[in-house]
Structure formats: C-alpha cells, structure tokens
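Engineer:
There are 2 protein chains.
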Amino acid sequence: MHHAVFPGGGRFRPRLTLGVALALGDDAPELTDAAAVAIELLHCASLVHDDLPCFDDADMRRGQPSVHKAFNEPLAVLTGDGLILLAFQNLAEAASGLPQRLGPLVSLVADAVGVPNGIVAGQAWESEPEVEINDYQRAKTAALFAASTMAGAVAAGGVAADWRILGERLGEAYQVADDLRDVASDPETLGKPVGQDAALGRPNAVAQFGVKGAIGRLKGLIDEATGSIPECAGASALRALIRKESEGFLPQALASYAA
Amino acid sequence: MHHAVFPGGGRFRPRLTLGVALALGDDAPELTDAAAVAIELLHCASLVHDDLPCFDDADMRRGQPSVHKAFNEPLAVLTGDGLILLAFQNLAEAASGLPQRLGPLVSLVADAVGVPNGIVAGQAWESEPEVEINDYQRAKTAALFAASTMAGAVAAGGVAADWRILGERLGEAYQVADDLRDVASDPETLGKPVGQDAALGRPNAVAQFGVKGAIGRLKGLIDEATGSIPECAGASALRALIRKESEGFLPQALASYAA
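In the order they appear, the protein sequences are chains V and H. The number in my numbering is simply the position in the first sequence, starting from 1, with 3 added. The number in my numbering is simply the position in the second sequence, starting from 1, with 3 added.
1. What are the boundary residues of the alpha helix (DSSP H) that GLY219/V is part of?
2. Which residues does DSSP list as the beta-bridge partners of ARG64/H?
3. By alpha-carbon positions, which one of HIS6/H, PHE212/H, PRO102/H ends up nearest to ALA95/V?
4. Would you mind giving the Cβ-Cβ distance between SER49/V and VAL118/V, rounded to the nearest angstrom? I have them listed as a contact below 8 Å.
5. MET63/V touches chain H at which residues, Cβ-Cβ below 8 Å?
6. Is DSSP giving SER99/V helix, strand or coil here?
7. Mind checking the segment 28-53 of chain H against chain V and listing, in chain order, the residues whose C-beta falls within less than 7 Å of any C-beta there?
8. On a Cα-Cα basis, can you pick out the residue from GLN126/H, ALA90/H, ALA127/H that is closest to VAL112/H?
9. Could you spell out the range, first to last residue, of the alpha helix (DSSP H) harbouring SER148/H?
10. So what's VAL162/V in DSSP terms, helix, strand or just coil?
11. Would you mind sorting THR192/V into buried or exposed? The rule is 16 or more other CB atoms within 10 Å of its CB.
12. Any C-beta of chain V sitting closer than 9 Å to the C-beta of GLN140/H?
13. For VAL70/H, would you say it is in contact with chain V, using Cβ-to-Cβ distances shorter than 9 Å as the test?
14. Taking the CB atoms as reference points, tell me whether LEU34/V and GLY237/V lie closer together than 9 Å.
15. ASP165/H to GLY22/H, Cα distance in whole Å?
16. In this structure, how does DSSP classify ASP29/H when only helix, strand and coil are distinguished?
17. In the structure shown, what three-state DSSP assignment does ASP59/V receive?
18. In whole angstroms, give me the CA-to-CA distance for LEU55/H and VAL8/H.
19. With a 10 Å radius around its C-beta and 16 neighbouring C-beta atoms as the bar for buried, classify PRO1/H as buried or exposed.
20. Do ALA31/V and GLY106/V have their C-beta atoms closer together than 9 Å?
21. Residues of chain V with CB closer than 8 Å to the CB of SER110/H, please, in chain order.
22. Using a Cβ-Cβ cutoff of less than 8 Å, which residues in the same chain neighbour ARG14/H once the five nearest sequence positions on both sides are dropped?
23. Just verifying my parser: in three-state terms, what is the DSSP assignment at VAL134/V?
24. Any idea if VAL186/V is buried or exposed, counting beta-carbon neighbours within 10 angstroms, 16 or more meaning buried?
25. Output the boundary residues of the alpha helix (DSSP H) element that contains LYS247/V.
26. Pop quiz: ALA176/H and LEU224/H are said to be a contact at Cβ under 8 Å. What is the actual Cβ separation, rounded to whole angstroms?
27. Where does ASP307/V fall in DSSP's three states?
28. What whole-angstrom Cβ distance do ALA217/H and ASP182/H have, given they're in contact under 8 Å?
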C-alpha cells in the first residue's frame, strides 16, 4: 500500500480539496486533510487495479515498478482493496467531532469511485464495444475531480453543489491533457509506456479533435472551471492557484502549441 | 455485481446484525438494514476477489460460475471494487437521519475488511511462508463476524464493545466449520471444489486438531458465543436464534460426529 501511494504523482485532486476548503475558511482542517487523503487513496487504488495484467498490464507506474510487478498479482488486488477501505477508515475517524459532515463526504467520494457514475463504472465501460466519450471521461476522471472540490467544500461546512462544475471541468481538462500526453510525451517524462490508449483502442480526445483541437478544448475547460468559482473570501486566491496548477497538466513538449 | 450477490449463501453475517439490533429494540430499522447489507456486500466482494485466477482460481461459487468465469477477469476485479464502495454508499445514505451513528458503523465495517486486522490483511497473510492460525482466522473470518454483531448494536444505539465476543466466537466457529466442510463435504453440497485449503497449503483447523478435535472446538466456541450475550430485552430470543443458526454451520455429513 505504501508502494502504491509513494512517491505520488501530481497530487492534483487532494490539493484541489485543500484549495477549496481554504477558500471557504477551512474551519475543520483535520477533516479536510482526511477528505483530501481519501480522494488520493481512492485514486491510487484505481491506478493499482488499472495496472493489473487483466487491464493495462503496465509494468511501470510513476517511474517505478507497478505493484503487481514489485510484489505479485494477489497483493496488487489486495492493495487496491485495502486502499479503498483505508480511505473510509481514515475519513470516519477524522469526522468524529463533526458527524453531520461525514455522511455527505462518504457519499461524495464513494459515488465518485463506485457504480453507476464513478471510476469503477468508467473502467467497466472499457469492456463495452461502443462508448460515448463524454460519459466515459466523466466517470473515469471528472467524477473524482468533482468529488475533490465538493469534498473540500463539505469538509469546510460549505455547499457541495456550488463546487461541482469547478471539479468537473478540471477533470475533463485533466483527461484531455492526459490524452495529449499519451500521444506527445516521451516515455521517460511520463513514467509509463506511451500510446497506450491508441494501442488499446480506447476513446481519446486527440483522436477525436486532433492535437490543436484538443489543446483548444483544454484551455476552454480551464476557463469554464475558474469562471465557475463561487464568490467567497478566498475566491481570487483559488482562481490563481488553479491557473497555476493547470499549467502543470500539459507536457513540456506541447507548451509551444498552447502559447 | 448482481451475479456476485444473488443467489446468496448462508447470509449468516447480516442475519446476525439484524438479530443483535432486534435484541436491543431496533429503533432505526433502515439503518440496521443498511448495516446488514454493507456487511454482506463486503463479504461478497471478498469472495469475488478470492475466486480470481491469481488467488483460488475457482470456477464455481454458490453453485454457479464465479464472476470472472461468468463475465471476465477485469469485470470481476471491478465487481469486487464496486461492491466495497456500494456498502459505504448505502450506509451513508441510510444514516442521514442519525449522523452520529455513521462514523462508528463505517469504522467497524471498514476495519473488519481492511488493513491491518480485516479480511484483506488475512488474505495477504496467505502469501506469507508462516502464519499463526488464530491470527489468520481472526482476520480472515472472525473480524467480519465481530463487525456483524457490533454493527447491529451500533445501528440500534447500543455499545459496540459489549457485542464483540459474540461475533468473534461465532466467526471462529464458522471458520472451523468451513475447514470441516472443506474436508468432509461432497462438491455438490458445497457448490465449490473440496480440499482447496489442503491443496493450497493454507492453515486449517482440521489439519491442526483432527476432525473430532475440530468439532469439539466448534461446540466450545458456540457455547462461549451464546454465553457472552449481554443482558437485554431480547437476550434469550437471540440465544435461541444463534443456537439454531449455528446448527447450519456443520455439513450434514458430519452431523453424526457432533451428536
């Protein structure tokens, strides 16, 4: 489980949770931390299972051997299961002083990963012969990003629904960027084999819109995201943070296209 | 996910949750139901992953093809993940009117399945060269039985700790009975291949104590279980229920030994 969580990737999702909570005053920082951790643990769990031989059969992840390569396949299945459960163990413990915030948090994060609208559903759609790209990406990526912003709001006593669009647009942007990385990066930069989506025939924004089209869509999504941030004490600081974070979405090799 | 949950097996664990809640007056039956369902969904999830080719490679479960045989391996991994998440989605929704009971319930069921003391930990110990049989069985089986009784108590506003021994002893008894079934049943009765534990070199109470010794241990554990039930309005009804349920633990073929 440690191997699956460290070293981390971009940690975009949990930083988003912290950023939204901070924008709202963050009156329960321990609960905010647990929510951010839950989001990241669930993300890591999905990567461990996604790397398994029966899915992507990926030898490498984040520049080191994937869990089933470093250990074995049974332990990789159990690692994913254990990380899913740890997200909730952690969240329940941190919410003991604010029990009324726990239910919405558990629902938010579990719905974003589970069935019918979360990562597990999105993964299952990869088994289907035909998938609508927006539905697929919403489940596979945008759902957990939306949960990241909404969980930050709920952890700080805010209203989840006000923060859904921010997370969804950033999730869609991240997925488009991931598709761009998939075609444009070199393997060393990315830490995993390139061209996986094309090789596996999965829906891909670059295949659908071309490189320039996909970059345009990426920029539009980030504008929609920052434009959706509700008025609150920390709104402008959060807008600046998100502009900065989203620069990291796009690989170096494509920065000139985006300029 | 439906295939993994229906038709059910003994449904011992969720009935235990309902039985304990009822003994305490069951003032929140919807929450009790959700707790019982969570326990059963987590149990089913563990079976789906346990049947995978990298674990037991079981073709059959409960008299029908295992999930990876009926569908495929990726969908079996996702089915287990989806069932784990559904347990918490369901629990969080049912607890909206009684938020102060949700945290303890989430902790109880997640700890019983997760790391370091639950099913996932127990499964992982199967990869180790040497395992102490009691620790192993506590994690693999007794933990979820203990969570079943404690969750019934918490759902009904009771004290979890008072109900731990009941669940633990029943879980140990169930595991001993399972070991007996593993050596004594015919495949048709059990619905899965016999002799799996011996074939896979896993710790087994029959190998350790012999058939008669294991049956003696089973009866002793059930006595300890019923003896631990705290005084409450429904205590004697619950004692009778557990005597009756535990008769179902032992396969027909061994009933004469136990008499």
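Note that beta-carbon positions come from the ideal geometry of N, C-alpha and C, so glycine has one too.
Structural biologist: With the structure as the only source:
1. 208-230
2. For ARG64/H, which the question treats as bridged, DSSP gives the partners GLN67/H.
3. PRO102/H
4. Between VAL118/V and SER49/V the Cβ distance is about 13 Å, and since that is not below 8 Å, they are no contact.
5. By Cβ distance, chain H contributes nothing, its closest Cβ being about 20 Å from MET63/V, past 8 Å.
6. coil
7. HIS52
8. The candidate whose alpha carbon is nearest that of VAL112/H is ALA90/H.
9. The sequence shown places Phe at residue 148/H, rather than the Ser named in the question. Taken as a continuous stretch (DSSP letters only), the alpha helix (DSSP H) holding PHE148/H covers 146-158.
10. coil
11. The predicted model places THR192/V with a pLDDT of 47, which falls under 50 and marks its position as unreliable; any figure quoted below should be read in that light. THR192/V comes out exposed.
12. no
13. Not an interface residue.
14. In this structure, GLY237/V does not lie closer than 9 Å to LEU34/V by Cβ.
15. For the pair ASP165/H and GLY22/H, the Cα-to-Cα distance works out to about 15 Å.
16. In the structure shown, the three-state DSSP call for ASP29/H is coil.
17. coil
18. Their Cα atoms are separated by approximately 16 Å.
19. The shown model of chain H, from 4 to 262, leaves out residue 1/H, and the question about it has no answer.
20. No, the Cβ-Cβ distance between ALA31/V and GLY106/V is not below 9 Å.
21. Those within 8 Å of SER110/H in chain V are GLN92, ALA95, GLU96.
22. GLU43
23. Under the three-state reduction of DSSP output, VAL134/V falls in the coil class, being neither helix nor strand.
24. Result: buried.
25. 238-250
26. 4 Å
27. Examination of residue 307/V is not possible in this model, given that chain V is present from 4 through 262 alone.
28. Indeed, because the Cβ distance is near 6 Å, the residues count as touching under 8 Å.
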